[in-house]
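All letters in the sequence shown, in the order written, are residues -21 to -1, 1 to 315 by mature numbering (1 follows the signal peptide of the UniProt record, and there is no 0).
In this text, a Cβ means the ideal position worked out from N, Cα and C, and glycines have one as well.
Presented below is the structure to which this report refers.
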Amino acid sequence: MARALTALLVLLLFISGCSMTAERLPEQVEEALGKAESYYAELEATVYSTEGEQYYRIKQWMEAPANWRVEVTSTTGTQVFICDGTQIYVYQPGIEDHYRLDADLAAEVSPPFFLAGYLNRLLEAEEYSFEGQQEKDGQKYYVASFKGDRDDELVRLWLDRRSRFPVIVETFINDQLLSRVKCTTLQLNDKISPDLFQFSAQDQWELESHCLVEPMSLDEAQDSWPYPVYTPGYVPEGSFLFLISQSEENQIPQLLFIYKGDYHFTVVQSPSTEKQPHLSEATQEVVINGITGYYHPNTSDELATLWWSNETISFVLSGSLPQEEMLQVAESMQTD
């Protein structure tokens, strides 16, 4: 009798010690990330808006400590995000342009729908809420939530009880569901070909890239940039200037203004050339202060692009802005 009681007490202590609590959550998540030397995942995402629902299929590969690849596909095309540990590349097949960012300077850049990114955001959150064990679609999960980039944004993670990786990710704005991401396949610690984390331009055309170098202040940019410096007179509410940088690609100098916040976007300006942007069936001709420009819509709310040029400067505006906001920013570009 005493031996049976002792065994029962040991069992209860074991169960209690293994249960998830708010205090143990960060430790468990960090341990899960540490054990994941690599993974391959497939996800399905739905983004809700007043204009209807948008559907995305995502494939992603991660290899510790800093290699990853995310492919986002919708009905209008595919976008690819690659990090080889030192550089981040963002490109859209079929468009003769890509963006290259220094991984250290762009440490806050995270590709969309990135599983490891959700867990890192949970660990970095100033506050989080552990909502216990809950059931969804017939499965039991650990549920945790934290505040997103906006004050009115909430991200809720439904974590697998064994791997601690998100199976479902829900994002809410003012308590209204904005998006739902569901992981349908997760293969942990499988061998991944290193070629997946390498970026190479297509042979049939030469890509231009925008490479972030040393950040600088606006005064430093105006002093060192040998051309007029244009800045937007209009910036969408909730967005802010994050970084200014200069670079040179194909012997053409470039000045970059990186904005973050509710909308992430980049303004690249360089001396005007006769080279025209690649035009596809989806490219739309627009007018910016009487000048013809070209707008290419985004495929995953991450990288719409707008090109235009005046007599001295060519501009490329790229980011998550809606077309109306993008045109408003472009029309507000001004010099001192």
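Can you find the residues in the same chain that come closer than 6 angstroms, C-beta to C-beta, to residue i, ignoring five residues on each side of it along the sequence?
i, result
"valine 26", "Gln33 and Ser158"
"methionine -2", "Tyr121"
"valine 265", "Gly272 and Tyr274"
"glutamine 263", "Tyr274"
On the premise that residue j lies in contact with residue i, defined as a C-beta separation below 8 angstroms, what is that separation, rounded to the nearest angstrom?
i, j, result
"serine 218", "aspartate 198", "Actually they do not touch by this definition, with Cβ atoms about 21 angstroms apart."
"proline 211", "serine 311", "5 angstroms"
"residue 327", "tyrosine 35", "No answer is possible for residue 327: it lies beyond the span of the chain, which begins at -21 and ends at 315."
"tryptophan 287", "glycine 298", "No, tryptophan 287 and glycine 298 are not in contact; Cβ-Cβ is about 15 angstroms, not under 8 angstroms."
Nearest to residue i by CA position, among the options, is which residue?
i, options, result
"arginine 140", "Gln113, Leu133 and Asp130", "Gln113"
"serine 293", "Tyr19, Ile267 and Glu110", "Ile267"
"glutamine 7", "Phe60, Pro276, Ser297 and Phe144", "Phe144"
"glutamine 166", "Thr(-1), Arg3, Glu21 and Leu4", "Glu21"
"alanine 283", "Tyr70, Lys239 and Ser142", "Tyr70"
"tyrosine 120", "Asp131, Gln263, Ser142 and Tyr238", "Ser142"
"threonine 314", "Val208, Thr245 and Gly269", "Val208"
"threonine 65", "Asp116, Val247, Gly269 and Leu80", "Leu80"
"glycine 96", "Trp287, Thr(-1), Val246 and Asn46", "Asn46"
"aspartate 131", "His243, Asp154 and Gln263", "Asp154"
"phenylalanine 92", "Phe244, Leu101 and Lys161", "Lys161"
"leucine 4", "Asp128, Leu101 and Glu23", "Leu101"
"serine 196", "Tyr206, Ser179 and Leu222", "Leu222"
"tryptophan 204", "Thr163, Phe178, Gln248 and His243", "Gln248"
"phenylalanine 178", "Ser28, Glu50, Ala1 and Gly269", "Glu50"
Between residue i and residue j, what straight-line distance do the alpha-carbon atoms span, to the nearest angstrom?
i, j, result
"serine 124", "aspartate 63", "30 angstroms"
"alanine 200", "serine 226", "11 angstroms"
"leucine 98", "leucine 138", "10 angstroms"
"glutamine 61", "phenylalanine 176", "Looking at the sequence provided, one finds isoleucine at residue 61 rather than glutamine. Using only the alpha carbons, I get a separation of about 6 angstroms."
"leucine 285", "leucine 235", "15 angstroms"
"glutamine 181", "valine 59", "With a pLDDT of only 46 at glutamine 181, under 50, the local geometry of the prediction cannot be trusted, and no value is derived from it."
"serine 224", "glutamate 103", "27 angstroms"
"leucine 156", "glutamate 303", "24 angstroms"
"serine 279", "glycine 31", "Bear in mind that the predicted position of serine 279 carries a pLDDT of just 47, short of 50, making it unreliable; the figure below should be weighed with that in mind. Approximately 14 angstroms between the Cα atoms of the pair."
"threonine 245", "leucine 300", "10 angstroms"
"glutamate 290", "isoleucine 67", "32 angstroms"
"valine 146", "threonine 163", "8 angstroms"
"alanine 24", "aspartate 202", "45 angstroms"
"tyrosine 206", "proline 250", "8 angstroms"
"valine 295", "asparagine 168", "40 angstroms"
"alanine 15", "arginine 48", "15 angstroms"
"proline 44", "proline 90", "16 angstroms"
"threonine 252", "alanine 1", "57 angstroms"
"glycine 117", "glycine 269", "58 angstroms"
"residue 339", "tyrosine 19", "Outside the shown range of the chain, which is -21 to 315, sits residue 339, and nothing can be said about it."
"lysine 115", "histidine 243", "33 angstroms"
"serine 28", "leucine 94", "23 angstroms"
Give every residue of the same chain whose Cβ lies closer than 8 angstroms to the Cβ of residue i, excluding the five residues on either side of it in the sequence, and list them in chain order.
i, result
"valine 122", "Phe109, Glu110, Gly111, Gln112, Gln113, Arg135, Leu136, Trp137 and Leu138"
"glutamate 106", "Phe125 and Lys126"
"proline 276", "Thr55, Ala261, Gln263, Ala283 and Gln302"
"aspartate 128", "Gly240 and Asp241"
Within a Cβ cutoff of 7 angstroms, which residues of the same chain sit near residue i, ignoring the five residues on either side of it in sequence?
i, result
"leucine 220", "Phe236 and Tyr238"
Is residue i close to chain B, meaning its C-beta is less than 8 angstroms from at least one C-beta of that chain?
i, result
"glutamine 155", "This model lacks chain B altogether, as it is built from one protein chain only."
Exercise for the section: Decide if the stretch 6 to 13 is in contact with the stretch 147 to 154; the criterion is three or more beta carbon pairs, one per stretch, under 8 angstroms apart. Expected result: no
Practice task
Give a yes or no on contact between the stretch 304 to 312 and the stretch 209 to 218, applying the rule of three or more CB pairs nearer than 8 angstroms.
Solution key: yes
Exercise for the section: Would you be able to state if there are at least three C-beta pairs under 8 angstroms between the stretch 40 to 54 and the stretch 163 to 180? Expected result: yes
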